[in-house]
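S.K.: Right, I'll just put the structure down here and ask away after.
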Amino acid sequence: AAPSKAPSSFRVTAVTSTIITASWQLPPADSRNGIIIGFKLFYKKRGSAGRATTLTINNRTTLSKDVTELDVYTEYEFEVLAFTSVGDGPRSSPLVVVRTTKDG
C-alpha cells in the first residue's frame, strides 16, 4: 500500500534570495505500509494559480533538497510526500510558507 501519513519534521529554510532548502524525516514506521522508495517535493509561489512544481527524489535516504532559481523576496508554499512502489502517500499539511531573502 501507499504510505498513510506524510513525512514528519518538514522544515523549509531560505538560504539565499533564490535558494530554499527543504528537509524532512521518514513517515512514522507504522504508517509506511512497505518500503519508502522516495519523496516528492511540491512548491509554488504563494497565491499563484496553476499547479505546483514537483521535484521527485528517488532515494529513501535523501531527506533534504535545495530548490534553486526562485524569485527574490517572494513567498513560496511547500508540501512533501513519501511514496512506495504502490503509490504516493498524502501530502504534508499544513502548507509550509517561506519567503526568499532580499538581495545582499
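Those letters in the sequence shown? Residues 69 to 172, by my numbering. Quick reminder that beta carbons are idealized off the backbone N, C-alpha and C, glycines included. Keep in mind that this is a model prediction, so the values were computed, not measured.
1) In angstroms with no decimal places, state the Cα-to-Cα distance between Ile87 and Arg79.
2) Based on Cα-Cα distance, which residue from Ala82, Lys112, Lys133 lies nearest to Gln93?
3) Is it the case that the stretch 125-132 contacts the stretch 89-104, given that we only count it when at least three CB pairs across the two stretches are under 8 Å?
4) Could you check the C-alpha separation between Phe146 and Ser116 for me, to the nearest Å?
5) Could you tell me whether the Cβ atoms of Pro75 and Phe107 are closer together than 8 Å?
6) Give every residue of the same chain whose Cβ lies closer than 8 Å to the Cβ of Leu163, excluding the five residues on either side of it in the sequence, and list them in chain order.
7) How would you write the range of the beta strand (DSSP E) that Gly155 sits in, first residue to last?
8) Report the rounded CA-to-CA distance for Val154 versus Thr169, giving the unit in angstroms.
9) Hey, Ala69 and Gly102: beta-carbon distance below 8 Å or not?
10) Only counting the same chain, and skipping five residues up and downstream in sequence, which positions put a Cβ closer than 7 Å to that of Val140?
M.R.: Straight from the coordinates:
1) For the purposes of this step, residue 87 is taken as the residue at position 19 of the sequence shown. For the purposes of this step, residue 79 is taken as the residue at position 11 of the sequence shown. In a straight line, the C-alpha of Ile87 is about 14 Å away from that of Arg79.
2) Sequence index remark: in the sequence shown, residue 93 carries index 25 (1-based). The shortest Cα separation from Gln93 among Ala82, Lys112, Lys133 belongs to Lys133.
3) yes
4) Translated into the one-based positions of the sequence shown, residue 146 becomes position 78. Translated into the one-based positions of the sequence shown, residue 116 becomes position 48. Distance between the alpha carbons of Phe146 and Ser116 is about 13 Å.
5) Along the sequence shown, one-based indexing puts residue 75 at 7. Along the sequence shown, one-based indexing puts residue 107 at 39. Yes, they are a contact pair.
6) The residue given as residue 163 occupies position 95 in the sequence shown. Around Leu163: Glu145, Phe146, Glu147.
7) If you number the sequence shown from 1, residue 155 lands on position 87. Note, Gly155: premise wrong, no beta strand (DSSP E); not H, not E.
8) In the sequence shown, counting from the first residue as 1, residue 154 sits at position 86. In the sequence shown, counting from the first residue as 1, residue 169 sits at position 101. Roughly 39 Å between the two C-alpha positions.
9) Residue 69 sits at position 1 when you count from the first residue of the sequence shown. Residue 102 sits at position 34 when you count from the first residue of the sequence shown. In contact: Ala69 and Gly102 (Cβ atoms closer than 8 Å).
10) To locate residue 140, count along the sequence shown from 1; it is residue 72. Cβ neighbours of Val140 beyond the five flanking positions: Ser85, Thr86, Thr168, Lys170, Asp171.
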